[in-house]
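K.L.:
Heads up: the protein sequence lines correspond to chains A and B, in order. Those letters in the first sequence? Residues 3 to 343, per our numbering, in order. Those letters in the second sequence? Residues 3 to 343, per our numbering, in order.
Number of protein chains: 2
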Amino acid sequence: MAEQQERMPVMADVARLAGVSHQTVSRVLNDHPNVRAETRERVLAAIGELGYRRNSSARALVTRRTGVIGVVAFATTHYGPARTLTGIEHAARAAGYFVSVVTLNEVTRSEVREAMEHLARQAVEGYVVIAPKRAVIEAMPEWAGGAPVVAVEGGEAPDLPVVCVDQRGGAHQATRHLLDLGHRTVAHIAGPRDWLEAEERVAGWRRALEEAGAPAAEPRYGDWRPRSGYEIGRAMAAEGALPSAVFVANDQMALGVLRALAERGLRVPEDVGVVGFDDVPEAEFYSPPLTTVAQDFTEVGERAIRVLVDLLGGGGAAGPPAREVVHAHMVVRSSCGAVRR
Amino acid sequence: MAEQQERMPVMADVARLAGVSHQTVSRVLNDHPNVRAETRERVLAAIGELGYRRNSSARALVTRRTGVIGVVAFATTHYGPARTLTGIEHAARAAGYFVSVVTLNEVTRSEVREAMEHLARQAVEGYVVIAPKRAVIEAMPEWAGGAPVVAVEGGEAPDLPVVCVDQRGGAHQATRHLLDLGHRTVAHIAGPRDWLEAEERVAGWRRALEEAGAPAAEPRYGDWRPRSGYEIGRAMAAEGALPSAVFVANDQMALGVLRALAERGLRVPEDVGVVGFDDVPEAEFYSPPLTTVAQDFTEVGERAIRVLVDLLGGGGAAGPPAREVVHAHMVVRSSCGAVRR
DNA sequence: GCTCCGAATGTTAGCGCTAACAATGGTCTG
DNA sequence: CAGACCATTGTTAGCGCTAACATTCGGAGC
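Below, the structure is given as structure tokens:
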């Protein structure tokens, strides 16, 4: 491959070698009809011989399509977002798109705005934004400058297509499961207040308690990280504010809670039943193995791309924005014990 | 912003509004000297008024630079790779580059090759590849088609710039720490055989044992996942092959080991001392809190971009390929106990 | 045989931008 | 004050590709 360094071959070089016009080469590359089979072969052979690769910039310039999808991601070191991102990337690639990623340090209006502007400079055709805070969701269409946007975990965004997990249903199931085990009520350690996912989980928990006529203490709010679960768990135990069951808004915080309980000599599930949310791969090996709610993050990513690609292809003037809800299901392990009557 | 839908403004529109030639607009945008301050102001004002944004494809076509760095990532649901990816993205963006990502399902030659080809279609200027297997590292320069490649966690790649963590040193520290606590020897649960990082950690462990004149049993090989740690831990305990201390090649497997020991009624650290590797955020809250080796993944990502950007800018014909080694340091918690004499 | 048609191919004209060169006008120097 | 020089701006020519139109040619229809 010594000639590669000299000058990349262009379409005209292929055309010359194949004895056709450059337009015919273009037709072959774009699968146009009306190219004789024998001509196509010749062109393909020339392409192979020269190691020709079409110049994407020139193509994008004239077609006005870059084939790039911009992804604004957040908290990618966490299992859920990371899986979602992977799902997005795979689906996008399968659909023939490139994926350009920006990861946020925090979800603030200015960071999201900056991220989308960065992507706009690259002329992305559309956006997938994983930014589960209300303040951000609302401002996104404006920043997109006319390009389609799909919000992942966007709650009930007013006029934005959304793909999300049924957080509320999952939280409801988890709480219900604990109530069914005979617990009089269930405490809740929630995610941060301004997070849509946290709000939804609170709502699902509250509804399950209401349906059962169980008293609902005010939830405690953590920050998703294990430490916050640990500290809240410790505080609750110290205050004697610990009921016999706790629904924790994610597995990481649940791990912190387990640790706090262990330090105080409380046994799980005998003294306190604990349920988490997310089903991270580690959850099965916590002490004790954690009952939790599993989400199909890959599915979320794939659906997000499906919605976006539809929007990109079909023009998108078809009724109200899509809203895809992915089901969540419980995974029962030993942290909530057996049924007590 | 109603006019956006009609037709995106181009440089000529800005020029007309500002009363200059399009070339002057281009000069302003590219920070050329020799533009009168007052003219620059007028152009900037026109840009603002029209909401003009330069067409990246046209620019790329003529400059022959897309400003895109291709990243081949793997195992992004794990803490380390995810952090590295984030570091790469941030550093690239700060350096004015876009980041296009492909995530691999598995690290095989064909997958890596396909990923790099996908990125080549987008005309990336260079690659950062997180693909810590020897078979893959070797073939990468060929696939890059002349574009610079930086390998992350690439061990000692023959003629490829590499950025990696001092795995061997970290493993050595961990093993040494256990020996210093008075353990006669230290068992090792390693990562998969074909992973460079796993090999390095084995090497560091082995060297520490040799230096201390301690007997080294053959390591057991896991797959990085908690389950494999769990199963190996169980097997070792059942066989009575468990010494008083174990160095586990990552925190996830260590979690599995802790679980296996707990199930058998063995106490950590009293009966068995355990040390992990990675310092995932959860490690502090395992039962017991895990002593482990912390790696600065963000630093790795940043350095990888620094090396690549140097290569992209400076031509790169400056001596042997770069080799950046990031330090690893121990984080002592309670899983290995206090010094016993 | 002549027209007409459609398949196959070629020719031309940009897409929006930057690089290279050209032109202008003012300042400095001797 | 001529000539040189420099800062500033304009003009022109592509980058490599696709879309639109033009051309060629063989066969069908009358």
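Where a beta carbon is used, it is the ideal one built from N, C-alpha and C, also for glycine. No experiment lies behind these values; they were computed from the predicted model shown.
Over the uninterrupted alpha helix (DSSP H) stretch that includes residue 275 (chain A), give me the two end residues.
P.N.:
Taking the first residue of the first sequence as position 1, residue 275 (chain A) is located at position 273. Run containing residue 275 (chain A): none in the alpha helix (DSSP H); it sits in the beta strand (DSSP E), 275-277.
K.L.:
Give the DSSP-derived three-state secondary structure of residue 10 (chain A) in the structure shown.
P.N.:
Walking along the first sequence from the start, residue 10 (chain A) turns up at place 8. Residue 10 (chain A) falls in the coil class under three-state DSSP.
K.L.:
Which whole runs of the alpha helix (DSSP H) in the stretch 16-103 of chain B are 4 residues long or more, in chain order?
P.N.:
Those alpha helix (DSSP H) runs which fall completely within the stretch 16-103 of chain B and span 4+ residues are 24-31, 39-52, 58-65 and 81-96.
K.L.:
Got a sec? Which residues, its chain only, sit under 6 Å from residue 17 (chain A) by beta carbon, not counting five neighbours each side?
P.N.:
By 1-based counting over the first sequence, the position of residue 17 (chain A) is 15. So the list reads 23, 24 and 27, once near-sequence residues are dropped.
K.L.:
Do residue 156 (chain B) and residue 167 (chain B) have their CB atoms nearer than 8 Å?
P.N.:
The residue labelled residue 156 (chain B) in the question sits at position 154 within the second sequence. The residue labelled residue 167 (chain B) in the question sits at position 165 within the second sequence. No.
K.L.:
Kindly list, in the order they appear in chain B, the residues whose Cβ is closer than 7 Å to that of residue 227 (chain A).
P.N.:
Translated into the one-based positions of the first sequence, residue 227 (chain A) becomes position 225. Going along chain B in sequence order, the residues near residue 227 (chain A) (Cβ under 7 Å) are 283.
K.L.:
Counting only beta-carbon separations shorter than 8 Å, does residue 58 (chain B) have a partner in chain A?
P.N.:
As a first step, residue 58 (chain B) is located in the second sequence; it is residue number 56 there, counting from the start. So yes, residue 58 (chain B) belongs to the interface.
K.L.:
Using DSSP's beta-bridge definition, name the partner residues of residue 187 (chain A).
P.N.:
Locating residue 187 (chain A) in the first sequence gives position 185, where the first residue counts as 1. According to DSSP, residue 187 (chain A) bridges with nothing at all.
K.L.:
Classify residue 65 (chain B) as buried or exposed, calling it buried when 16 or more other Cβ atoms lie within 10 Å of its own Cβ.
P.N.:
Here residue 65 (chain B) corresponds to residue number 63 of the second sequence, with the count starting at 1. Exposed is the call here.
K.L.:
Near residue 236 (chain B), which residues of its chain fall below 8 Å by C-beta distance, leaving aside the five closest residues on each side in sequence?
P.N.:
Here residue 236 (chain B) corresponds to residue number 234 of the second sequence, with the count starting at 1. Excluding sequence neighbours, residue 236 (chain B) sits near 262, 265 and 266.
K.L.:
When Cβ atoms are compared, which residues of the stretch 114-131 of chain B fall closer than 7 Å to chain A?
P.N.:
Result list: 120, 122, 123, 124 and 125.
K.L.:
Tell whether a beta-carbon distance below 8 Å holds between residue 189 (chain B) and residue 248 (chain B).
P.N.:
In the second sequence, the residue the question calls residue 189 (chain B) occupies position 187. In the second sequence, the residue the question calls residue 248 (chain B) occupies position 246. In contact: residue 189 (chain B) and residue 248 (chain B) (Cβ atoms closer than 8 Å).
K.L.:
Nearest to residue 170 (chain A) by alpha carbon, out of A:280, A:55 and A:19?
P.N.:
As a position in the first sequence, residue 170 (chain A) is number 168, starting the count at 1. Cα-wise, what sits closest to residue 170 (chain A) is A:280.
K.L.:
Quick check: is the beta carbon of residue 101 (chain B) nearer than 8 Å to any beta carbon in chain A?
P.N.:
As a first step, residue 101 (chain B) is located in the second sequence; it is residue number 99 there, counting from the start. Chain A contact via Cβ: present.
K.L.:
Check each candidate in A:144, A:287, A:40 and A:308 and name the one with the smallest Cα separation from residue 111 (chain A).
P.N.:
Here residue 111 (chain A) corresponds to residue number 109 of the first sequence, with the count starting at 1. Per the Cα distances, A:144.
K.L.:
Roughly how many whole angstroms lie between the Cα atoms of residue 225 (chain A) and residue 219 (chain A)?
P.N.:
For the purposes of this step, residue 225 (chain A) is taken as residue 223 along the first sequence, with counting starting at 1. For the purposes of this step, residue 219 (chain A) is taken as residue 217 along the first sequence, with counting starting at 1. Distance between the alpha carbons of residue 225 (chain A) and residue 219 (chain A) is about 19 Å.
K.L.:
So which of B:187, B:303, B:129 and B:251 has the shortest CA-CA distance to residue 282 (chain B)?
P.N.:
For the purposes of this step, residue 282 (chain B) is identified with residue 280 of the second sequence, where counting begins at 1. The shortest C-alpha separation from residue 282 (chain B) is found at B:251.
K.L.:
Quick check: the Cα distance between residue 154 (chain A) and residue 36 (chain B), rounded to an integer number of angstroms?
P.N.:
Locating residue 154 (chain A) in the first sequence gives position 152, counting from the first residue. Locating residue 36 (chain B) in the second sequence gives position 34, counting from the first residue. Whole-angstrom Cα-Cα distance: 47 Å.
K.L.:
Between the C-alpha atoms of residue 178 (chain B) and residue 12 (chain A), what's the straight-line distance to the nearest angstrom?
P.N.:
For the purposes of this step, residue 178 (chain B) is taken as residue 176 along the second sequence, with counting starting at 1. For the purposes of this step, residue 12 (chain A) is taken as residue 10 along the first sequence, with counting starting at 1. Cα-Cα distance, rounded: 59 Å.
K.L.:
Locate the beta strand (DSSP E) running through residue 299 (chain A), then write down its first and last residues.
P.N.:
In the first sequence, the residue the question calls residue 299 (chain A) occupies position 297. Where residue 299 (chain A) is concerned, there is no enclosing beta strand (DSSP E), although the alpha helix (DSSP H) it sits in stretches over 299-316.
K.L.:
Going by DSSP, which residues form a beta bridge with residue 326 (chain A)?
P.N.:
Mapped onto the first sequence, residue 326 (chain A) falls at position 324. DSSP, once it has assigned bridges, lists A:165 as partnering residue 326 (chain A).
K.L.:
If you count every other CB in all the chains shown that lies within 10 Å of the CB of residue 253 (chain A), and 16 or more means buried, which is it?
P.N.:
Taking the first residue of the first sequence as 1, we reach residue 253 (chain A) at position 251. By the neighbour-count rule (16 or more Cβ atoms within 10 Å), residue 253 (chain A) is buried.
K.L.:
Can you look up residue 282 (chain A) in the DSSP assignment and give me helix, strand or coil?
P.N.:
For the purposes of this step, residue 282 (chain A) is taken as the residue at position 280 of the first sequence. Residue 282 (chain A) falls in the coil class under three-state DSSP.
K.L.:
Starting from the Cα of residue 256 (chain B), find the closest Cα among B:123, B:337, B:268 and B:83 and give me that residue.
P.N.:
For the purposes of this step, residue 256 (chain B) is identified with residue 254 of the second sequence, where counting begins at 1. The shortest C-alpha separation from residue 256 (chain B) is found at B:337.
K.L.:
Could you give the distance in angstroms between the alpha-carbon of residue 21 (chain B) and the alpha-carbon of residue 96 (chain B)?
P.N.:
The residue labelled residue 21 (chain B) in the question sits at position 19 within the second sequence. The residue labelled residue 96 (chain B) in the question sits at position 94 within the second sequence. Residue 21 (chain B) and residue 96 (chain B): Cα-Cα distance of roughly 34 Å.
K.L.:
Give a yes or no on whether 8 Å exceeds the smallest Cβ distance from residue 62 (chain B) to chain A.
P.N.:
Against the second sequence, residue 62 (chain B) aligns to sequence position 60. Yes - at least one Cβ of chain A is within 8 Å of the one on residue 62 (chain B).
K.L.:
Using the rule of at least 16 other Cβ atoms within 10 Å of the residue's Cβ for burial, across every protein chain shown, is residue 295 (chain A) buried or exposed?
P.N.:
Within the first sequence, the letter at position 293 stands for residue 295 (chain A). It is buried - the Cβ of residue 295 (chain A) has at least 16 other Cβ atoms within 10 Å.
K.L.:
Using a Cβ cut-off of 7 Å, pull out every chain A residue sitting near residue 2 (chain B), in sequence order please.
P.N.:
Any property of residue 2 (chain B) remains undetermined from this structure, which presents chain B solely from 3 to 343.
K.L.:
Could you check whether the Cβ of residue 287 (chain B) sits closer than 8 Å to any Cβ belonging to chain A?
P.N.:
Along the second sequence, one-based indexing puts residue 287 (chain B) at 285. So yes, residue 287 (chain B) belongs to the interface.
K.L.:
Kindly indicate if chain A contains any beta-carbon less than 8 Å away from that of residue 297 (chain B).
P.N.:
The residue labelled residue 297 (chain B) in the question sits at position 295 within the second sequence. Chain A, which has no Cβ nearer than 8 Å to the Cβ of residue 297 (chain B), makes this no.
K.L.:
Starting from residue 137 (chain A), follow the beta strand (DSSP E) in both directions and report where the run begins and ends.
P.N.:
Position 135 of the first sequence, counting from 1, holds the residue named residue 137 (chain A). Premise fails: residue 137 (chain A) lies in the alpha helix (DSSP H), 136-145, not in any beta strand (DSSP E).
K.L.:
Would DSSP call residue 266 (chain B) helix, strand or coil?
P.N.:
Numbered from 1 along the second sequence, position 264 holds the residue referred to as residue 266 (chain B). It is coil, neither helix nor strand.
K.L.:
Three Cβ pairs or more, each shorter than 8 Å: is that satisfied between the stretch 120-132 of chain A and the stretch 57-75 of chain A?
P.N.:
Yes, they touch.
K.L.:
Quick one: grab the DSSP three-state call for residue 110 (chain A).
P.N.:
Translated into the one-based positions of the first sequence, residue 110 (chain A) becomes position 108. Note: residue 110 (chain A) maps to coil in three-state DSSP.
K.L.:
So, for residue 4 (chain B): in the same chain, excluding its five sequence neighbours on each side, which residues have a beta-carbon less than 6 Å away from its beta-carbon?
P.N.:
One-based indexing of the second sequence puts residue 4 (chain B) at position 2. Bear in mind that a pLDDT of 34 at residue 4 (chain B), under 50, signals an unreliable position, so the model cannot answer this.
K.L.:
With a cut-off of 8 Å on the beta carbons, I'd call residue 175 (chain B) and residue 332 (chain B) a contact; round off their distance for me.
P.N.:
As a first step, residue 175 (chain B) is located in the second sequence; it is residue number 173 there, counting from the start. As a first step, residue 332 (chain B) is located in the second sequence; it is residue number 330 there, counting from the start. Indeed, because the Cβ distance is near 5 Å, the residues count as touching under 8 Å.
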